[in-house]
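Read the structure below first, then the notes.
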Amino acid sequence: MKRGVRFYGLMAEFDDPQKLLEAAKAARREGYRRMEAYTPFAIEEVSEELGHGRGWIPYIVFAGGLGGAVIGLGMQWYAMAIAYPLNIGGRPLWSWPAFMPITFELAVLGAALLGALGMLALNRLPQPYHPVFNVERFDLATQNRFFLCIEASDPYFDRKQTREFLMSTEPREVFDVEDR
Amino acid sequence: MSRTADNSNSRSEFNRYVLPFLIVGLVALALSFLGALFRPQQFFQSYLFAYVFWIGLVVGSLAVLMMQYLTGGAWGIILRRVLESVTATMPLMILLFVPLLFGLHRLYIWTHSEVVATDPLLQHKKGFLNVPFFIVRAAVYFGCWILFALLLNRWSREQDRTSEPHLAWRLEHLSGPGLFVLAITLSLAMIDWVMSVEPRWYSTIYAVIYTAGDVLAALAFGIGIVLLLARSAPLVYIMKPKHWRDLGNMLLTFVMLWAYCAFSQYLLIWSGNLREEITWYLPRESGGWGWIALALILVHFFLPFLLLLSRQVKERRYLLFTVIISVLVLRFVDIYWFVAPAFSPFHFTVSWLDFLVPIGMGGLWLAYFTRQLTKWPLLPLNDPYAEEALNAEE
């Protein structure tokens, strides 16, 4: 192995999602945990097989909504009741019914923004470089091939045994993935 | 779909509830009519309140039934038979409307010619608010509703029998224009029957609040029955977590739509602050009614809203069922808060007839509904889209 090149993992290429699904299932049975699947379209079961949980996104979206609502309401309260109190038709300065539409809008804005940004952060995106790009055929992951990559950092990973295991799942081919 | 044919178990399980419902309904209604002899004014107020809830559930179900023919999807196929059975109770609802006609003079101030004579506004509205036209309009509403209920039920049964593809086309093309007619007739019915109790006041979104609430009630009731049916065949084989999530999300949508409409009316009237408009809210904000209003905001909106955001609640049946029961109870409370303060402004009051009449009407209605539900297979047999929709991935 050349200097400065780290071994990242082993990647198997499959023809169809069903084979990928079975390989992921088998890998999980073998005890592998640090692995990732790459497919041209979303396959819900794969993320289940890989043991991906529901994640933090729902809580982040909720927090964003709550934060947006508080900011929206607080902003109007500060502007209308503290900073620039105006008597509008004799209505109270704290006119909460009139504040509701803005509060709602900012709740939606906060939820959407924080949800999108949180999703990017959790996925560590944008990510212009990833070791799997070093595999030439990986381009096909956006077209018609399905890839399963077991990472070398997995405690059960053994270069020889893992390769043998992947070969047993009927892939088209198994590649070494290097981190250059 | 052979698996759908075998559902005689859950149907016969439901059959044994018909008689208890019928007995409870008849006893409670008999006691209510007895109450009418002693407290006729209270009886008709309670009767109006109860009727507005139950007819809302039935017409709301018509609306959901038409919506699901237009949108397609698994949720509609799962709910269809329950909703059809709800709409099949329309003849009973027409029968139950008749006693109201004997209370018009007690319920509607515009029937008092001496009051109308001294009130220019009521004189102005006399062309619309008079007893003969009121009855003619009610007949038109019921005519439309029973026609829709009849056609939707008949064509759906025919589809079971013949699997004629033309029937799906017919059902869809009835549903589009049907929804339009339904929106108009339900709005006018609510204006006639409830808003005209306070004939000097008006609000353009008033009937929309009822429509959103009625669809919410219909969905809650339909999903509740599906929850009960899903313990046995055929639904136990059909229902996946995804379907429960879809149904829960529908509920969430209409909880929000109801809150949106109800709040819009409040916001507009509060902002306008006009003397003739605030006469509706002031009597409903004080003397105990204010607490009901607060409860509506917290338990009719915030509680189901926050609970239904969670996947766990939508996927766990007892939690979803709890939410549904609370939504249905709060629909009663909401309608009570709309109707009762008109007769007892600034002063909260509730009578034993306010419990007895809805229970009597409900018992009778549930008996009729359950009987309808046990007559047919619980899933449509030959819907051309059913197989695809039920097995679709998300």
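Chains as they are written, first to last, in our numbering: chain H, 1360 to 1539; chain W, 17 to 410.
Idealized CB from N, CA, C, for every residue including glycine.
None of these values were measured; they are calculated from a predicted model.
Is it right to say H259/W is buried, meaning 16 or more other beta carbons lie within 10 angstroms of its own, or is it exposed? On the second sequence, position 243 is the one that residue 259/W refers to. With 16 or more Cβ atoms within 10 Å of its Cβ, H259/W is classed as buried.
For a quick check, are the C-beta atoms of Y1369/H and I1509/H less than 8 angstroms apart? As a position in the first sequence, residue 1369/H is number 10, starting the count at 1. As a position in the first sequence, residue 1509/H is number 150, starting the count at 1. Note on identity: in this sequence residue 1369/H is Leu, with Tyr being the wrong assignment. Cβ atoms of L1369/H and I1509/H: closer than 8 angstroms.
Residues in its own chain within less than 7 angstroms of G376/W by CB, not counting five upstream and five downstream? The sequence position of residue 376/W within the second sequence is 360, counting from 1. Excluding sequence neighbours, G376/W sits near G41, A44, L45, S48.
Under the rule that 16 or more other beta-carbon atoms within 10 Å means buried, what is W161/W, buried or exposed? Here the question's residue 161/W lines up with position 145 in the second sequence. Per the 10 Å Cβ criterion, buried.
Just to confirm, are A1396/H and T1528/H a CB contact at a threshold of 8 angstroms? As a working note, residue 1396/H is residue 37 in the first sequence. As a working note, residue 1528/H is residue 169 in the first sequence. No, the Cβ-Cβ distance between A1396/H and T1528/H is not below 8 angstroms.
Buried versus exposed call for P193/W [16 or more other C-beta atoms within 10 Å across all chains shown]: Sequence index remark: in the second sequence, residue 193/W carries index 177 (1-based). Result: exposed.
Which residues bound the alpha helix (DSSP H) around M188/W? Within the second sequence, numbered from 1, the residue matching residue 188/W stands at position 172. Strictly speaking, residue 188/W in this sequence is Glu, with Met absent from that position. Element bounds for E188/W: 181–209.
Under 8 angstroms between C-beta atoms, does L298/W make it to chain H? Position 282 of the second sequence, counted from the first residue, corresponds to residue 298/W. Taking Cβ atoms only, chain H never reaches closer than 8 angstroms to L298/W, which makes this a no.
Give me the chain W residues within the contact set of G1448/H, using Cβ-Cβ distance strictly less than 7 angstroms, ordered along the chain. Position 89 of the first sequence, counted from the first residue, corresponds to residue 1448/H. Near G1448/H (Cβ distances below 7 angstroms), the residues of chain W are N289.
Please state the DSSP three-state secondary structure of Y124/W. Position 108 of the second sequence, counting from 1, holds the residue named residue 124/W. Looking at Y124/W - three-state DSSP - the assignment turns out to be coil, as it is neither helix nor strand.
Please identify, using Cβ separations under 8 angstroms, the residues of the region 262–286 of chain W that lie next to chain H, in order along the chain. F279, Y282, L283, W286
Which chain W residues sit within Cβ distance under 9 angstroms of A1457/H? For the purposes of this step, residue 1457/H is identified with residue 98 of the first sequence, where counting begins at 1. Those are L283, W286, S287, listed as they occur along chain W.
Segment contact flag, the region 197–215 of chain W with the region 139–159 of chain W, C-beta cutoff 8 angstroms, min 3 pairs: yes
Where R1496/H and F1516/H are concerned, what is the direct C-alpha to C-alpha distance, given to the nearest angstrom? The residue you call residue 1496/H lines up with position 137 of the first sequence. The residue you call residue 1516/H lines up with position 157 of the first sequence. So the two alpha carbons sit approximately 23 angstroms from each other.
Start-end ranges of the alpha helix (DSSP H) lying completely within the region 1390–1417 of chain H, minimum 4 residues: 1403–1408
Which value, in whole angstroms, describes the spacing of the CA atoms of P1376/H and R1504/H? Here the question's residue 1376/H lines up with position 17 in the first sequence. Here the question's residue 1504/H lines up with position 145 in the first sequence. Each residue's Cα considered, the two are about 8 angstroms apart.
In the DSSP assignment, the beta strand (DSSP E) including R1365/H goes from what residue to what residue? Start at 1 with the first residue of the first sequence, and residue 1365/H comes out as number 6. Element bounds for R1365/H: 1365–1373.
Among the candidates V271/W, T390/W, R261/W, whose CA atom is the shortest distance from the CA of R332/W? For the purposes of this step, residue 332/W is taken as the residue at position 316 of the second sequence. The candidate whose alpha carbon is nearest that of R332/W is R261/W.
For the region 280–329 of chain W, which segments carrying the alpha helix (DSSP H) assignment without a break, of at least 4 residues, lie completely within its bounds, in sequence order? 305–311, 319–325
For the beta strand (DSSP E) containing F1505/H, name the first residue and the last one. By one-based count along the first sequence, residue 1505/H stands at place 146. First-last of the beta strand (DSSP E) with F1505/H: 1505–1510.
Given a cut-off of 8 angstroms on the beta-carbon distance, is the pair A52/W and F59/W in contact? In the second sequence, counting from the first residue as 1, residue 52/W sits at position 36. In the second sequence, counting from the first residue as 1, residue 59/W sits at position 43. Closer than 8 angstroms, so yes.
Measuring alpha carbon to alpha carbon, tell me which residue in G378/W, P299/W, I313/W is nearest H363/W. Start at 1 with the first residue of the second sequence, and residue 363/W comes out as number 347. Taking only the C-alpha atoms, the option nearest H363/W is P299/W.
Going residue by residue through the region 85–148 of chain W, where are the continuous alpha helix (DSSP H) segments of at least 4 residues, counting only ones entirely within it? 90–103, 106–117, 120–123, 129–133, 136–140
State the DSSP-derived secondary structure class of L1379/H, mapped to helix, strand or coil. Residue 1379/H sits at position 20 when you count from the first residue of the first sequence. Three-state result, L1379/H: helix.
Between Y1418/H and L380/W, what straight-line distance do the alpha-carbon atoms span, to the nearest angstrom? Walking along the first sequence from the start, residue 1418/H turns up at place 59. Walking along the second sequence from the start, residue 380/W turns up at place 364. The straight-line gap from Cα to Cα measures roughly 45 angstroms.
In the DSSP assignment, the alpha helix (DSSP H) including F1497/H goes from what residue to what residue? What you label residue 1497/H is simply residue 138 of the first sequence in a count that begins at 1. Taken as a continuous stretch (DSSP letters only), F1497/H belongs to no alpha helix (DSSP H), as it is neither H nor E.
Report all residues from its chain with a CB closer than 8 angstroms to the CB of R1522/H; omit the five preceding and five following residues, and keep chain order. Taking the first residue of the first sequence as 1, we reach residue 1522/H at position 163. Same-chain partners within the cutoff: L1369, V1533.
Whole-Å CB distance - A1480/H paired with V1420/H, under 8 angstroms assumed: Translated into the one-based positions of the first sequence, residue 1480/H becomes position 121. Translated into the one-based positions of the first sequence, residue 1420/H becomes position 61. About 13 angstroms; that fails the 8 angstroms criterion.
Going by beta-carbon coordinates alone, are A383/W and A90/W separated by less than 8 angstroms? Working through the second sequence from its first residue, we reach residue 383/W at position 367. Working through the second sequence from its first residue, we reach residue 90/W at position 74. Contact: no.
Going by C-alpha to C-alpha distance, which of F1458/H, F1524/H, R1450/H sits closest to G288/W? Numbered from 1 along the second sequence, position 272 holds the residue referred to as residue 288/W. Nearest of F1458/H, F1524/H, R1450/H to G288/W, Cα basis: R1450/H.
Cβ pair P1530/H, F1373/H closer than 8 angstroms: The residue you call residue 1530/H lines up with position 171 of the first sequence. The residue you call residue 1373/H lines up with position 14 of the first sequence. Yes.
Cα-Cα separation between L243/W and L336/W, rounded to whole angstroms: Residue mapping note: residue 243/W aligns to position 227 of the second sequence, counting from 1. Residue mapping note: residue 336/W aligns to position 320 of the second sequence, counting from 1. Using only the alpha carbons, I get a separation of about 9 angstroms.
Taking the alpha carbon of E188/W as the reference point, which residue from R347/W, L168/W, Y297/W, W274/W has its own alpha carbon closest? Residue 188/W sits at position 172 when you count from the first residue of the second sequence. The candidate whose alpha carbon is nearest that of E188/W is L168/W.
Going by other Cβ atoms of all chains shown within 10 Å of its Cβ, with 16 needed for buried, is Q388/W buried or exposed? Within the second sequence, residue 388/W is the residue found at index 372, counting from 1. It counts as buried.
For M1360/H, which residues in the same chain have their Cβ closer than 6 angstroms to its Cβ, ignoring the five residues on either side in sequence? Here the question's residue 1360/H lines up with position 1 in the first sequence. Its pLDDT being 49, under 50, M1360/H is placed unreliably in this model, and the value from its coordinates should be taken loosely. Excluding positions up to five away in sequence, the list is empty.
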